[in-house]
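Novice: So the protein lines, in turn, are chains Z and C.
For the first sequence, position 311 matches number 311 in my numbering, and the numbering has no gaps at all.
In my numbering, each number is its position in the second sequence, counted from 1, plus 1000.
We put the beta carbon where it would ideally sit given N, CA and C, even for glycine.
Just so we're clear, the structure is a prediction, and the values are computed from it rather than from any experiment.
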Amino acid sequence: MITRRLLEAPDGRGWIFLGLLAAAAIVVPCLNVFVPPSSPFHISTTTVALWGKYLCFALLALSLDLVWGYCGILSLGHGAFFALGGYAMGMYLMRQIGTRGGYAHPVLPDFMMFLNWKELPWYWYGFNYFPYAALMIVLVPGVLAFVFGWFAFRSRVTGVYLSIITQALTFALMLGFFRNDFGFGGNNGLTDFYDLLGFSVRAPETRAVLFALSAVALGLGYLIAQAVVRSKAGKVLIAIRDEESRTRFLGYKVENYKTYVFTLSACMAGVAGALYVPQVGIINPSEFAPANSIEIVIWVAVGGRGTLIGAAIGAILVNYAKSTFTIGMLAPYWLFVLGALFVLVTIFLPRGVLGLLPRRGAGNNVPSPIAPEARLRRDVGEGQDGGDGRTSKVGVPPTPNPSPRHVEDMPSASGGGESAPRLRQGPATQPAE
Amino acid sequence: MTAAVARPRETTRSLLYLNGVTVSFDGFKALSNLSLEIAPGEMRAIIGPNGAGKTTMMDVVTGKTRPDAGEVLFDNGAVDLTTKDEAAIAELGIGRKFQKPTVFDNHTVEDNILLALKGDRKVRKNLFWRPNGDAERIGEILDTIGLAYHRQRLAGALSHGQKQWLEVGMLIAQDPKLLLVDEPVAGMTDAETETTAELLKDIAKDHTVIVVEHDMEFVRLLGVKVTVLHEGSVLAEGSIDEVSANERVVEVYLGR
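(1) How would you label L1018/C, buried or exposed, when you count the other beta carbons within 10 angstroms and need 16 or more for buried?
(2) Give the range of the beta strand (DSSP E) segment to which D1182/C is assigned.
(3) Which first and last residues belong to the alpha helix (DSSP H) in which V1021/C is found?
(4) Please decide whether D65/Z counts as near chain C, where near means a Cβ-Cβ distance under 8 Å.
(5) Taking 8 Å as the CB-CB cut-off, is A239/Z touching chain C?
(6) Suppose you measure from the CA of L341/Z to the CA of G352/Z; what does that come to, to the nearest Å?
(7) Anything in chain Z within Cβ reach of H1107/C, meaning under 9 Å, just list it in chain order.
(8) Using a Cβ-Cβ cut-off of 8 Å, state whether V1123/C counts as contacting chain Z.
(9) How long is the line joining the alpha carbons of S1035/C and K1100/C, rounded to whole angstroms?
(10) For the alpha helix (DSSP H) that contains A312/Z, what are its first and last residues?
(11) Just checking my contact of E1231/C with S1032/C at CB under 8 Å: how many whole Å lie between their CB atoms?
(12) From the beta carbon of V228/Z, is the nearest beta carbon of chain C less than 8 Å away?
(13) Give the DSSP bridge partners of R1153/C, in chain order.
(14) Can you list, in chain order, the stretches of the beta strand (DSSP E) that have 3 or more residues and sit fully within the region 276-300 of chain Z?
(15) At a CB-CB cut-off below 9 Å, which residues of chain Z make contact with W1129/C?
(16) Bridge partners of V1226/C, per DSSP?
(17) CB-CB under 7 Å to T1056/C, same chain, minus the five flanking residues each way: which ones, in chain order?
(18) Is there at least one Cβ from chain C nearer than 8 Å to L250/Z's Cβ?
(19) Give me the DSSP bridge partner(s) of R1096/C.
(20) For G72/Z and M113/Z, I'd like the C-alpha separation in whole angstroms.
(21) Spatial neighbours of L1179/C within its chain, please: C-beta separation below 6 Å, excluding the five flanking residues on both sides.
(22) Using DSSP bridges, identify the partner residues of L1034/C.
(23) With 8 Å as the C-beta to C-beta threshold (strictly closer), list the residues of the region 250-270 of chain Z near chain C in chain order.
(24) Evaluate W51/Z with the Cβ neighbour count: other Cβ atoms within 10 Å of its Cβ, from every protein chain shown; 16 or more gives buried, anything less gives exposed.
(25) Closest by CA to R246/Z, which one among I1113/C, A1045/C, A1078/C?
(26) What's the call for D1143/C, buried or exposed, on a 16-neighbour Cβ count within 10 Å?
(27) Note down, in chain order, all residues in the region 1092-1120 of chain C with a beta-carbon under 8 Å from any beta-carbon belonging to chain Z.
(28) Apply the 10 Å Cβ neighbour rule to W15/Z and answer buried if 16 or more other Cβ atoms are within range, or exposed otherwise.
(29) Tell me the residue span of the beta strand (DSSP E) that contains I1210/C.
(30) Would R1044/C pass as a contact of T1193/C if the rule is Cβ separation under 8 Å?
(31) Taking 8 Å as the threshold (beta carbon to beta carbon), is R246/Z in contact with chain C?
(32) For E1042/C and V1168/C, what's the separation of their Cα atoms in angstroms?
(33) Examine the Cβ distances between the region 312-331 of chain Z and the region 58-68 of chain Z and report whether three or more of them are shorter than 8 Å.
(34) For V138/Z, collect the residues of the same chain with a Cβ closer than 7 Å to its Cβ; drop the 5 residues on either side in sequence, then sort them by chain order.
(35) For T1102/C, which three-state DSSP category applies?
(36) Consult DSSP for A1052/C and reduce its assignment to one of helix, strand or coil.
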């Protein structure tokens, strides 16, 4: 039943996205592994690893878009969930090193030997088993998000205040993970990995498979997120984003919806982090840096907030630009470019890159064609068609005698202005009399 | 709030019972010792000048504001509303229409009604929700409020009057025991006002309704019992003709 729900969620554009992902998951690894390097069709292992990293970032952006684009929760700490998933994977990879480490201790990782630790801390137990580590990859970010959400959303912390707390959350974790006695390798983090499930993480074949797995994870993440936003619960999320107070008065427990979607999103971010670590070969506390989390928001904004696919595309575009820019003489200016990109996109492309394409789902909002007379009859007594007042704002001139064509235009045209989700400071408060 | 603890249940025949409710904001008493009873099936108009406490009273009943003192009981005194939050109160069967039309602009008219329809509000239920007979019920409601032609339009594209009606439709969809309607005709033309009065009278046939207004003419159209609020407590009660003949009411409305 769940499979069916997942498969009926994507629309046309969604299937194109999934098709491209599937193609990439098959073609790219094949061109890397089976095509000899001399061939012009060969894709180098470096490129595969780089694009695998982009796919992980895309999944991370998708998870942020789920909470920000659809529920209005502007998390500036999503990097924390990504890093926690990454650390869980890193711990598994550390335990796989065994006697190949510098100190050749069968159990203790090098950094613990260096700190003169005698035995493994309890929270490292079990990480030598992959299923346990896989569980923790989802569970640790999920539980943190649940506990955080439980307190924050129940206390009705919203808007800027919530964003600041999420930022503080990731900053606090960064400070913690930087400490040597925290037990996660301090400054250096976890690195020098050898094996993942018995396969060498440095082998091109493993890299190719990890790339394919990242594409699959992104596709699955998209299917799940899309199924959530297309369900009735997804409609409730959008209602919360736009009019939180009204949703409460309809009887919806807003805090439960927020906690649910925030937790789901954190789990997805954790998976993204876990796939990222073996591909880049290191996880360290800088992943918790607040600036990283803010960058994720920019990816989503660039791609198009509240579109899911846009978030993924934005992450890939911005990171591709980053990789290109940060080599060579332009490197010192990257942050300026990023900042300018954010400002320009916010001003000129409020719906992101995806907003450049014809509006998806316009068909959903097109009303059944109504005879102009019938419509006019309905509008008698309204004085003016108030709907036109809004439409004219986004450039469609009000027409006193609307033709059916105009009627069709209105929802999409006004939707163009309206559906670009706005940053809201919670619902407008009713003035106390 | 303290008095409510010792109170025996089922002591009142009223659907809504407010006794000695006081709310102050930074020393300003928005409600001062307000007492009010609404019988089941009744339609009541509450009027008063700006700042009389009309909206605050609604905030107290719907759980948005906690009173400093007094009791707020629902359903023959069975439920103490001061202990519940907004969602729980909505689930008990109290619906509210806001002063400013508040609909979900990015949802279609149909989805606005769908979200309001009586049903399970839990996350899991709504994740795996499937339409079953809702479409017909939504159609009926849209016919009642005259928005059937706009079913697939985004609510944000509706006119001000249409949004007001859509919100009334959402209240009908909730099928609450008690409807609180805050200034339903603010900003409406005369013709829209009349239509709205008819609509509310229609709803009042099988619901208990409280309408807050300061437009005397609209209240006259409704033709129901009127409570006049002034400075946070009840100034007068009776038919519209009685209260408009009341000297104190005239004084309050026309200024001293």
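Specialist: Let me lay it out:
(1) The count along the second sequence starts at 1 and reaches residue 1018/C at position 18. Per the 10 Å Cβ criterion, buried.
(2) On the second sequence, residue 1182/C is found 182 positions in, with the first residue counted as 1. Looking at the DSSP string, the run of the beta strand (DSSP E) that includes D1182/C is 1178-1182.
(3) Stepping through the second sequence from its first residue, residue 1021/C is reached at position 21. That residue, V1021/C, is in no alpha helix (DSSP H); its beta strand (DSSP E) goes 1016-1025.
(4) Residue numbering aside, residue 65/Z sits at position 65 when the first sequence is read from its first letter. Taking Cβ atoms only, chain C never reaches closer than 8 Å to D65/Z, which makes this a no.
(5) Translated into positions along the first sequence, residue 239/Z becomes position 239. At least one chain C Cβ lies under 8 Å of A239/Z.
(6) By one-based count along the first sequence, residue 341/Z stands at place 341. By one-based count along the first sequence, residue 352/Z stands at place 352. Taking the straight line from one Cα to the other gives about 11 Å.
(7) As a working mapping, residue 1107/C is identified with position 107 in the second sequence. Here the neighbours are K235, I238, A239, D242.
(8) Taking the second sequence and counting its residues from 1, one reaches residue 1123/C at position 123. By this cut-off, V1123/C is an interface position.
(9) Sequence index remark: in the second sequence, residue 1035/C carries index 35 (1-based). Sequence index remark: in the second sequence, residue 1100/C carries index 100 (1-based). Those two C-alpha atoms are separated by around 26 Å.
(10) Mapped onto the first sequence, residue 312/Z falls at position 312. Per DSSP, A312/Z belongs to the alpha helix (DSSP H) from 309-325.
(11) For the purposes of this step, residue 1231/C is taken as residue 231 along the second sequence, with counting starting at 1. For the purposes of this step, residue 1032/C is taken as residue 32 along the second sequence, with counting starting at 1. Contact holds; Cβ gap of about 7 Å.
(12) Residue mapping note: residue 228/Z aligns to position 228 of the first sequence, counting from 1. Answer yes: the Cβ-Cβ gap between V228/Z and chain C drops below 8 Å somewhere.
(13) Taking the first residue of the second sequence as 1, we reach residue 1153/C at position 153. Looking at the DSSP assignment, R1153/C forms no beta bridge with any residue, so it has no partner.
(14) none
(15) The residue labelled residue 1129/C in the question sits at position 129 within the second sequence. The answer, in chain order, is S231, K232, A233.
(16) Counting from one through the second sequence, the residue named residue 1226/C turns up at place 226. DSSP, once it has assigned bridges, lists A1045/C, G1238/C as partnering V1226/C.
(17) Counting from 1 along the second sequence, the entry for residue 1056/C is found at position 56. V1023, A1030, L1031, T1065, listed in sequence order.
(18) Translated into the one-based positions of the first sequence, residue 250/Z becomes position 250. So yes, L250/Z belongs to the interface.
(19) Residue mapping note: residue 1096/C aligns to position 96 of the second sequence, counting from 1. DSSP output for R1096/C lists L1180/C as bridge partner(s).
(20) Sequence index remark: in the first sequence, residue 72/Z carries index 72 (1-based). Sequence index remark: in the first sequence, residue 113/Z carries index 113 (1-based). Taking the straight line from one Cα to the other gives about 46 Å.
(21) Walking along the second sequence from the start, residue 1179/C turns up at place 179. If we look at L1179/C and ignore the five residues flanking it on each side, its Cβ neighbours are G1095, L1171, H1207, V1209.
(22) On the second sequence, residue 1034/C is found 34 positions in, with the first residue counted as 1. Answer by DSSP bridge pairing, in chain order: V1021/C.
(23) L250, G251, Y252, K253, V254, N256, Y257, Y260
(24) As a working mapping, residue 51/Z is identified with position 51 in the first sequence. When all chains shown are included, W51/Z counts as buried.
(25) The residue labelled residue 246/Z in the question sits at position 246 within the first sequence. Residue I1113/C is the option with its Cα nearest to R246/Z.
(26) Within the second sequence, the letter at position 143 stands for residue 1143/C. Exposed, since its Cβ has fewer than 16 Cβ neighbours within 10 Å.
(27) G1095, R1096, F1098, Q1099, K1100, T1102, V1103, F1104, D1105, N1106, H1107, T1108, D1111, L1114, L1115, A1116
(28) In the first sequence, the residue the question calls residue 15/Z occupies position 15. It counts as exposed.
(29) Sequence index remark: in the second sequence, residue 1210/C carries index 210 (1-based). Start and end: 1208-1212.
(30) On the second sequence, position 44 is the one that residue 1044/C refers to. On the second sequence, position 193 is the one that residue 1193/C refers to. For R1044/C and T1193/C, no; Cβs fall outside 8 Å.
(31) In the first sequence, residue 246/Z corresponds to position 246, counting from 1. Yes, because at least one Cβ of chain C sits closer than 8 Å to the Cβ of R246/Z.
(32) As a first step, residue 1042/C must be located in the second sequence, where it is residue number 42. As a first step, residue 1168/C must be located in the second sequence, where it is residue number 168. Each residue's alpha carbon lies about 18 Å from the other.
(33) yes
(34) Translated into positions along the first sequence, residue 138/Z becomes position 138. The answer, listed in chain order, is C267, G270, V271.
(35) Mapped onto the second sequence, residue 1102/C falls at position 102. In this structure, T1102/C counts as coil in the three-state DSSP scheme.
(36) Position 52 of the second sequence, counted from the first residue, corresponds to residue 1052/C. Of the three classes helix, strand and coil, the one that applies to A1052/C here is coil, per DSSP.
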